[in-house]
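**Student:** If you scroll down you'll find the structure; I have some questions about it.
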Amino acid sequence: MSLPHGEDTIAAISTPLGEAGIGIVRLSGTQAQAIVRPLFRPRRPRPHWESHRLYLGHFLDPEGNVLDEVLLTYMRAPHTYTREDVVEIHCHSGYGVLKAILETVLARGARLARPGEFTLRAFLSGRLDLAQAEAVLEVIQARTRTSLRVAQAHLAGGLGRLLGEMRGELLAQLARVEAALDFPEEAGEPDPGALAAALAEPLAALERLIRSYAQGRLLREGLRVVLAGRPNVGKSSLLNRLLNTERAIVTDIPGTTRDVIEETLNLGGLPLRLTDTAGLREARDRVEELGIARSREQLAQADLILYLVDGSEPLAGEDIRLLQDFQGRPVLVVVNKTDLPRHLDPVALAREWPGPLVEISALTGQGLPELEQAVRDLVLGGQVSFTGEIITQARHHELLGRARDALTRAGELLALTTVPLELVALELHEALQALGAITGEEVGDDLLDHIFAQFCVGK
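Numbering follows UniProt numbering, with no gaps: position 5 of the sequence shown is 5.
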């Protein structure tokens, strides 16, 4: 960042703009109280502000005009989010009120905060490690109770503690190797077998974390689920049933859905990005052709395809062709319209699709619990209660892979007849740097800028 930490006092609106009950303007820095105090007229005048108490009063502009009746709290360093003095002004949430209060404190000497700068200061002050700072954004963006629980575990510092223990073990082994290199007569030659054994546990822990990313990514980004099938098989009806709302138009006319419709859904703790697509068939006009092209784009990006077939009709040739195209893809076949007389031959369907299948009625809701369980089984092996540390960030996944690869190479070097200790030391350094980049011990300004630019201005 261009300005040193703590050089100035920053301010920002910390709540979303819009008409609501309460909005918050936050300040952090050594001058936070000095900037705000002349602008606040408490209901009961006090010679000084006690830390972490709410005060009722009026907030004034520089001319002494009342801007709003507010609740103000002063939090004295270091017992704050940033470990600096913090003042929060809780006012009525309207654009005019928030803007006027913010402009007033900026005119008194505060600087407008950059995106994520409050959390950046929490990191630079040592209150949070970098993984915890990133977890703040995970908490804000969590869409299900499960993803929130994982984000809160990261915010509590569990990942940082685990990686800290790992780094401690690797530093101990690196010290042994470097002592043998620098003082061979005093330290003696380290036992390669003992060194390799000492690296085995950190390596196994890294493998577990790396494997967890497959599920962690889904929790953070949401599972991309695409509803596909021929026209009029009930895709839009299923979308509406899952959302419990009339999101898509449903008619008896094939081809009603012409464009992609995307909604988010909480499926037993798993966030879904559910996409309804145009029916797959030979296009009848240019508009339908564009809709089908977009459908195929969505199918190519899907984590899971729910392919609907109409149970009240015989299996169509178009269904057979599409199911053949989907071989090798993550597909769950959904036989819809079980509320109608059945004309679909289950033997013919099993011949074309030996994979997972569930029967439902989008109209009545029959079979919906089985559909939800089938989705969880396919994606998570049925696991919806996550335990242990789970990696949700692509950055962490890449760095953990670098650390694992470095330790793997170190183990291979230790297995040689003549062990090149210099190369072993280099690999241990590489692993330590990768782990340090996750928690912030090894990080540059460019990376910090990139990470905190993803935050909103007031966080």
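We treat Cβ as the ideally placed atom computed from N, Cα and C, and that holds for glycine. Nothing here was measured: the structure is a model prediction, and the numbers come from that model.
1) For residue 173, collect the residues of the same chain with a Cβ closer than 7 Å to its Cβ; drop the 5 residues on either side in sequence, then sort them by chain order.
2) Could you pull the start and end residues of the beta strand (DSSP E) that residue 69 belongs to?
3) I need the boundaries of the beta strand (DSSP E) containing residue 116, first residue and last residue.
4) Whole angstroms are fine: how far does the CA of residue 426 sit from the CA of residue 420?
5) When the cut-off is 8 Å and only beta carbons count, does residue 109 lie next to chain B?
6) I'd like the ranges of any beta strand (DSSP E) spanning at least 3 consecutive residues and lying wholly in the segment 332-414.
7) Return yes when the Cβ of residue 457 is within less than 8 Å of the Cβ of residue 204, no when it is not.
8) Have a look at 272, 318 and 311 and flag the residue whose alpha-carbon is nearest the alpha-carbon of residue 304.
9) For the ligand FMN, is there a heavy atom less than 7 Å away from the beta-carbon of residue 167?
10) Decide if residue 240 is buried, meaning its Cβ has at least 16 other Cβ atoms within 10 Å, or exposed.
11) Can you list, in chain order, the stretches of the alpha helix (DSSP H) that have 4 or more residues and sit fully within the segment 174-247?
12) Roughly how many whole angstroms lie between the Cα atoms of residue 255 and residue 341?
13) Give the single residue among 298, 301 and 351 whose Cα lies nearest to the Cα of residue 323.
14) What does the alpha-carbon distance come out to for the pair residue 423 and residue 208?
15) When DSSP builds the beta bridges, which residues end up paired with residue 276?
16) Quick check on DSSP: helix, strand or coil for residue 84?
17) State the Cα-Cα distance for the pair residue 126 and residue 168, rounded to the nearest angstrom.
18) Under 8 Å, do residue 82 and residue 28 count as touching if we go by C-beta distance?
19) Helix, strand or coil for residue 28, going by three-state DSSP, please let me know.
**Tutor:** For this structure:
1) Answer for residue 173: 195, 198, 199 and 428, listed in chain order.
2) Unbroken beta strand (DSSP E) run through residue 69: 66-75.
3) First-last for residue 116: undefined, no H or E at that position.
4) About 10 Å.
5) The chain labelled as chain B is not found in the depicted structure, where only one protein chain is given.
6) Assignment of beta strand (DSSP E) within the segment 332-414, counting only whole runs of 3 or more residues, yields 357-359 in chain order.
7) Taking C-beta atoms as the reference points, residue 204 and residue 457 fail to come closer than 8 Å.
8) Checked all of 272, 318 and 311; the closest Cα to residue 304 is 272.
9) For the ligand FMN, the structure offers nothing, since it holds no ligand at all.
10) That one is buried.
11) The alpha helix (DSSP H) runs of length 4 or more contained entirely in the segment 174-247 are, from start to end of the chain, 184-187, 192-221 and 235-243.
12) Note that residue 255 scores 43 on pLDDT, short of 50, meaning its location in the model is unreliable and no value can be drawn from it.
13) When each option's Cα is compared against that of residue 323, the closest is 351.
14) Distance between the alpha carbons of residue 423 and residue 208: 26 Å.
15) The bridge partners DSSP lists for residue 276 are 227 and 261.
16) Reduced to three states, the DSSP call for residue 84 is coil.
17) Their Cα atoms are separated by approximately 19 Å.
18) Residue 82 places its beta carbon less than 8 Å from that of residue 28.
19) In this structure, DSSP gives residue 28 an extended state, which the three-state scheme calls strand.
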